[in-house]
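Asker: Line by line, the protein sequences are chains A and B.
Those letters in the first sequence? Residues 1 to 549, by UniProt numbering.
Those letters in the second sequence? Residues 1 to 299, by UniProt numbering.
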Amino acid sequence: MTSSSESILLLVPHVKLKKNEGELYLMSERLGWMVGNKDSFNVSHKYSDIKTQKISPEGKPKVQLQVCLHDGSATTFQFVNPSGQAEQMADRDKVKDLLQLMLPKFKRMVNKDLEEKKLFLSENPQYRQLYMDLVKSNVISAEEFWSDHATQFIKQQQETKNATQQDVGISASFLADIKPQTDGCNGGVRYLLTSDVMASIFRTYPSVKQKHLKCVPNKMTEEEFWKKFFSSHYLHRDKNINDTKDLFTDCGKQDEQVLKQDLTTAINDPLLDLTALNDIEDETSGTPSNAKINNIAHQNMIRRFNQHSILVLKASEQAAGAEPATVEAAPPKRMRLQEALTYDDLESNESNPTVQLNLCRIERYLNGPPTTVPSHAGVNKNGSSTGQAIDPNTFKSILGRWMRGGGDRYNPLDVLSSATAVTVLGELSIGGSLMRGPQPNSAIHLTSELQKELKELYVSLSEILKHFWAAFPPSTPELVQKTNRMIDALHKFNQAKLTPYEQKLIQASTSSEAENILRPLRFQLQAAIRKHSQLSERRPLPRTAVSSM
Amino acid sequence: MEDKEERIETSLVAIVIDATPAKKFASQPLDGSSMMNRIFDSLIAFGNAHLMQASHNKLAIIACNSKSTKFLYPSMDGNSRSYQNRPGQYDMFAKVDSDVRHGLGELILNDLTDNDSTKSDSLLGGAMARALCYIHRVQRELSLSHQLKPRVLVVSGSCDSALQYMTFMNVFFTAQKENVVIDCCMMDTDSGLLQQGCDITGGQYLHIPSVAGLLEYLLWVFLPSPSCRSKIVLPPPTKVDYRAACFCHHKLVDIGWVCSVCLSIFCKFSIMCTTCNTEFKLNRPAIVPAKSKKRARIE
């Protein structure tokens, strides 16, 4: 009936869905409903898909429960227990209570994910645009988008995964923060221990935790244990009260042992001399007994500080455990000495090795485009060909005449004859041969809106194409599958995006212009599709082979 | 009338004359004279017309051929030469006339006495650079009450020279930086490089259909200062071809391969850049699909 891996938490018969009566199952990860005599679920919702549940108000004739899903749809179950409305209510409440218990567990997971994605999209407008273009138009699915296309998001996620979250430490004043509550009638004082405080105590005093594990369920109650703990000298041991009956006496000893062990294992630095830090050296003044008491108090204090420091150090080592956790062995003495003797800033800093750029034909940069612009003044073609043949003496005489041509011999008509002047005037007037602009079809004018849309099209298409070509050569089945997916996406893109845009363009301008504008896009699309069809010809059944995997 | 706060505008036109095609034009007879005479006379007339427009206006004329460049006006060899002016002619016009005739003739004759060099390219780039230097000098020497509006007018009839590409580009970008407008009037041939230069600096490029009417084109299109050109109906700007040439075949390419190390441009893909010997490592099989390579759109 149901898959064996799922445990059924609750089964409610007599539940109507859309006028069919059936049974409602609540399992560990989803809820399902099936018509009475079938053996598969007609409706099944994962808890993680469910946003909220709603119940019909009291006093209504129908007893109903509605689950609203994240995608906006909702399913309504009606409870129709034949034994009456009270039973129906009871059924409904059972379901409601269980759902109330289950939903928060899954909700947090989903919400966190959703929120992260939302935040990412709002922070990266280019990805938001891509999301709108590709996912909203069903070119690719949302999961694909998040897993393949939003590369930055994936990177970000991995980074957060790698960076282990730092544990929140313990507040230094957690014990002082436990506020007593006076009980008005008895004059007694009550202390409220929250689980947070308990956790803090356990972390501060690991041996207490062991004790707690040992004693609490079987030997004494929780309350007793904590009472004992707070009255114990273990907590107040710097006050040095001797009480052998105390539950926590051996805790102190245990701590001592741990401390000793840590001392021997942790410190293996040959250059570190702990005895230099001796603090009882100059203990000469004062009466011996007094000094001794002081001494013990001091020592206790110092010991507690040390213990605390060791715990803190251990915690930090654990936090760094994600990285290679092996504490590197203390470097050899020689190296340590070397380190202490040399200073990096005093060394001459060597420049980074650079690769020399080896240009072998620099003249290539200096040469411009060749003169291919042909002269279109046909009149002078003949002249120039004969021009080379002009006799140098004739040329000289012409030039000489011109050089002497100024002054009195100047004839204004030499500069411009009336006939030429009229022709030129015609050319330079509006409508003349020189006043025509360049061919109009060379520049296509798009409204800014269409331009923006075109840009978005380019971005979306190149995103899909990037993934398509990245799968080449498709040597593994996964890659083949990827090319298939991408080709599907390309086809969808063509239908859902390109064609409507072309229609818009045709409305705005002429069809030939629209074709020109979209030609590069279509070319890219065709290239991918051609490549893919070539590929599928070579491998007869890539699609089916893949889908069976 | 004159506002004391306002600085007096001084318009400086530096005309760069390309003298290489002189021989070609000399062989074309025109109304009992030759086309060359017509062109040179037109240029003198244009220069004088510019000077006539306002008393502050300045003029510089530089000529070049394939060997050298030469300042025609203001002439560099002092005031030694005498000039004769017609009765009633403004002194300065006569000086321009005489200086240009003399200097230009000398330049061409010198060229002629040497071996025939019409085959090599004219030093247009160098002449333009000299014009820019002159403009810079005038700008510095000008008193604060004057504001210089400089521009360069190139009158040429020869083809682009691929060898001077860098010079041209340097001149164009310098001019752009110095706010010097470069105008260009092309006779006979078209020049892609000068088109770019005019476009970059905001000048007017005109390829004239008939050389005989040069003066009218000059007066009509290039005499008005750039500031008032927007108010006049002028020939529309030509479509400038900014395509780059590939390094391998010197073809103009729309889309080509650009080496990611040395920025060389190629029209075909090769595994190694032939300029800097960089090997392009592609983690692809030997048959290279178009997608994997670096594509660059060259404008």
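Using N, Cα and C, we set each Cβ at its ideal position, and we do this for glycine too.
#1: Checking contacts by CB at 7 Å: is I390/A closer than that to chain B?
#2: What's the C-alpha gap between G286/A and I296/A?
#3: Indicate whether at least one CB of chain B lies closer than 7 Å to the CB of R364/A.
#4: Can you check whether the C-beta of M102/A is within less than 7 Å of a C-beta belonging to chain B?
#5: Should S442/A go down as buried or exposed, given a rule of 16 or more other Cβ atoms within 10 Å for buried?
#6: Taking Cβ-Cβ distances shorter than 8 Å, what residues in chain B pair up with G405/A?
#7: May I ask you to verify whether the segment 490-497 of chain A touches the segment 424-437 of chain A, counting CB pairs closer than 8 Å and requiring at least 3?
#8: Counting C-beta neighbours from all protein chains within 10 Å, is the total for R101/B 16 or more, i.e. buried, or is it exposed?
#9: As a quick exercise: from L282/B, I271/B, C262/B, pick the residue whose alpha carbon is nearest that of C360/A.
#10: Going by DSSP, name the residue or residues bridged to H45/A.
#11: In the structure shown, what three-state DSSP assignment does Y83/B receive?
#12: Taking 7 Å as the limit between beta carbons, can you name the residues of its chain near C267/B, skipping five residues before and five after?
#13: Do you know whose CA, among A199/A, T204/A, R203/A, K228/A, lies nearest C215/A's CA?
#14: Establish whether the CB of Y205/B and some CB of chain A are separated by less than 7 Å.
#15: Could you tell me the boundaries of the alpha helix (DSSP H) in which V208/A lies?
#16: Are the beta-carbon atoms of S66/B and S122/B separated by less than 7 Å?
#17: Spell out the partners DSSP gives R151/B in its beta bridges.
#18: Kindly give me the distance between the Cβ atoms of Q78/A and V67/A, rounded to whole angstroms, as I take these residues to be in contact under 8 Å.
#19: Starting from the Cα of D99/B, find the closest Cα among H298/A, D133/A, L10/A, W402/A and give me that residue.
#20: Can you tell me where the alpha helix (DSSP H) holding T483/A begins and where it ends?
#21: Can a CB atom of chain B be found closer than 7 Å to the CB of H212/A?
#22: Taking Cβ-Cβ distances shorter than 9 Å, what residues in chain A pair up with C259/B?
#23: Scan the segment 193-243 of chain B and note each continuous alpha helix (DSSP H) run of 4 residues or more that stays entirely inside, going in chain order.
#24: Please classify T52/A as buried or exposed, where buried requires at least 16 neighbouring CB atoms within 10 angstroms.
#25: Going straight from the alpha carbon of L219/B to that of R404/A, what length do you get?
#26: Would you identify the three-state DSSP class for F269/B, choosing helix, strand or coil?
#27: Counting only beta-carbon atoms, is L194/B nearer than 7 Å to chain A?
#28: Once you ignore the five residues that flank P224/B on each side, which residues in its own chain have a CB closer than 7 Å to its CB?
#29: Where does the unbroken alpha helix (DSSP H) through A26/B begin, and where does it stop?
#30: If you check the beta carbons only, do A26/B and I517/A fall under 7 Å apart?
#31: Can L24/A and W33/A be called in contact, C-beta distance under 7 Å?
#32: Going by DSSP, name the residue or residues bridged to K38/A.
#33: Just confirm the distance between the C-beta atoms of M132/A and Y47/A, as a whole number of angstroms; I'd bet it's less than 8 Å.
#34: Taking DSSP as the reference, what is the three-state secondary structure of T75/A?
#35: Which of the three DSSP states, helix, strand or coil, is assigned to A471/A?
#36: Does the beta-carbon of C259/B have 16 or more other beta-carbons within 10 angstroms, so that it is buried, or is it exposed?
Answerer: Checking against the coordinates, here is how it stands:
#1: yes
#2: Note that G286/A has pLDDT 47, beneath the 50 cutoff, so the model's placement of it is unreliable and the number below is only indicative. Cα-Cα distance, rounded: 15 Å.
#3: yes
#4: no
#5: Confidence is the limiting factor: at S442/A the pLDDT is only 46, short of 50, which leaves the residue's position unreliable, though a coordinate-based value still follows. So S442/A counts as exposed.
#6: N37, D41, R101
#7: Too few Cβ pairs lie closer than 8 Å, so no.
#8: buried
#9: C262/B
#10: L31/A
#11: coil
#12: C246, C248, H249, K251, V253, G256, listed in sequence order.
#13: K228/A
#14: no
#15: In the DSSP assignment, V208/A falls within the alpha helix (DSSP H) that extends over 206-215.
#16: yes
#17: Answer is V13/B, V181/B, bridged to R151/B.
#18: 13 Å between Cβ atoms; not a contact.
#19: The shortest C-alpha separation from D99/B is found at W402/A.
#20: 477-493
#21: H212/A does not count as touching chain B.
#22: Per Cβ cutoff of 9 Å: no residues; C259/B is ~10 Å from chain A at best.
#23: 214-217, 226-229
#24: exposed
#25: Their backbone Cα atoms lie some 25 Å apart in a straight line.
#26: coil
#27: no
#28: So the list reads I232, once near-sequence residues are dropped.
#29: 22-26
#30: No, the pair does not count as a contact, with Cβ atoms beyond the cut-off.
#31: Contact annotation: L24/A and W33/A have beta-carbon atoms nearer than 7 Å.
#32: DSSP, once it has assigned bridges, lists no residue as partnering K38/A.
#33: Going by Cβ atoms, the distance from M132/A to Y47/A rounds to 29 Å, so no, they are not a contact pair.
#34: strand
#35: coil
#36: With 16 or more other Cβ atoms inside 10 Å of its own Cβ, C259/B counts as buried.
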